[in-house]
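Visitor: Okay, so the sequence shown: first residue is 1 according to full-length UniProt numbering, each after it adds one. Glycine is no exception: its CB is placed at the ideal position from the N, C-alpha and C atoms.
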Amino acid sequence: MKSAVKVSPVNMKQRAALGIRSGDTVRVWQNIVELKKGKAANKKEVTTKNVRRQAFEGIVIAVKHGNETGGTFTVRKVASGVGVERIFPIYAPMIDEIEVLRRARTRRAKLYFIRRKATSEIKRAMRKQIRFTPKGTTEDEAPVEAEEPVVDSTPEEVAAE
Numbered sequence: 001m002k003s004a005v006k007v008s009p010v011n012m013k014q015r016a017a018l019g020i021r022s023g024d025t026v027r028v029w030q031n032i033v034e035l036k037k038g039k040a041a042n043k044k045e046v047t048t049k050n051v052r053r054q055a056f057e058g059i060v061i062a063v064k065h066g067n068e069t070g071g072t073f074t075v076r077k078v079a080s081g082v083g084v085e086r087i088f089p090i091y092a093p094m095i096d097e098i099e100v101l102r103r104a105r106t107r108r109a110k111l112y113f114i115r116r117k118a119t120s121e122i123k124r125a126m127r128k129q130i131r132f133t134p135k136g137t138t139e140d141e142a143p144v145e146a147e148e149p150v151v152d153s154t155p156e157e158v159a160a161e
C-alpha cells in the first residue's frame with residue numbers, strides 16, 4: 001500500500017522549472033481573501049469569504065535561496081511614480097500563478113542598483129517642473145502673461161445684415 005504525503009498544495013516541480021532569475025519581468029497572480037461582515041435574515045452576524053485574484057507585474061531584482069522550500073524572489077514595479085517592492089515565497093500557496101513575460105540578460109545576481117537609478121530619473125524629471133521666479137519677486141508677484149483679448153466670433157453674414 002502506497003501512501004503519498006502531500007507536503008504543499010503547490011505543484012513544486014512546476015515552480016522549480018520556471019527558473020526565475022534576476023532581470024526577468026514577471027506577473028505574479030495572487031489569491032486575496034476578503035472577509036466581509038454582515039447580518040443575515042435572522043439578525044445574526046455572518047462573515048463571508050470572497051476570494052479574488054490580483055496581479056503584480058514587475059522586474060525581479062533578487063532571488064534568494066534558489067529553489068529551496070524557503071526560496072523567495074523580490075519583484076519591483078513603479079506605480080504612480082512610487083517604487084513598490086514585494087517579496088514572494090516561491091512555493092507559497094497564496095500565489096496562484098507565476099508568468100515569466102520577458103527574460104533579460106543581466107551581469108549581476110542582485111539588481112539593487114535599479115532603486116537608485118529610478119530615483120535619480122524621478123529627481124531629474126522633478127527638476128524640470130520647478131517654477132522659475134525672477135530675482136526680487138515672490139511667486140505672488142511673478143509676472144503674469146497678458147491674456148489675449150476675446151474677439152466676438154459672429155458669422156460674417158449676420159454682421160453684414
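#1: Can you tell me which of the three DSSP states R52 falls into?
#2: Using a threshold of 8 angstroms, state whether the C-beta atoms of I95 and Q14 are closer than that.
#3: Cutting at 8 angstroms between CB atoms, please list the residues of its own chain near R102, excluding the five before and the five after it.
#4: Check for me: the alpha helix (DSSP H) holding K13 runs from which residue to which?
#5: Could you pull out every residue in the same chain whose Cβ sits closer than 8 angstroms to the Cβ of E45, ignoring the five residues on either side in sequence?
#6: Using 8 angstroms as the threshold, is the C-beta distance between I98 and I61 below it?
#7: Taking only the alpha-carbon atoms, compute the straight-line gap between G65 and R21 and give it to the nearest angstrom.
#8: Please state the DSSP three-state secondary structure of R116.
#9: By how many angstroms is the C-alpha of T48 removed from the C-alpha of A104?
#10: Compute the Euclidean distance between the alpha carbons of G81 and A55, then round it to the nearest angstrom.
#11: What residue range does the beta strand (DSSP E) around T106 cover?
#12: Select from L18, I32, G19 the residue whose C-alpha is nearest the C-alpha of P93.
#13: Pop quiz: A16 and N67 are said to be a contact at Cβ under 8 angstroms. What is the actual Cβ separation, rounded to whole angstroms?
#14: Out of curiosity, what's the CA-to-CA distance linking V10 and N50?
Guide: So, from the data block:
#1: Here R52 sits in strand by DSSP.
#2: no
#3: D24, T25
#4: Unbroken alpha helix (DSSP H) run through K13: 12-18.
#5: K37, G38, K39
#6: no
#7: Looking at the sequence provided, one finds His at residue 65 rather than Gly. So the two alpha carbons sit approximately 11 angstroms from each other.
#8: helix
#9: Rounded to whole angstroms, the separation of the alpha carbons of T48 and A104 is 43 angstroms.
#10: Their backbone Cα atoms lie some 18 angstroms apart in a straight line.
#11: If you look at T106, you'll find it isn't in any beta strand (DSSP E); DSSP assigns it neither H nor E.
#12: I32
#13: Between N67 and A16 the Cβ distance is about 5 angstroms, and since that is below 8 angstroms, they are a contact.
#14: 21 angstroms
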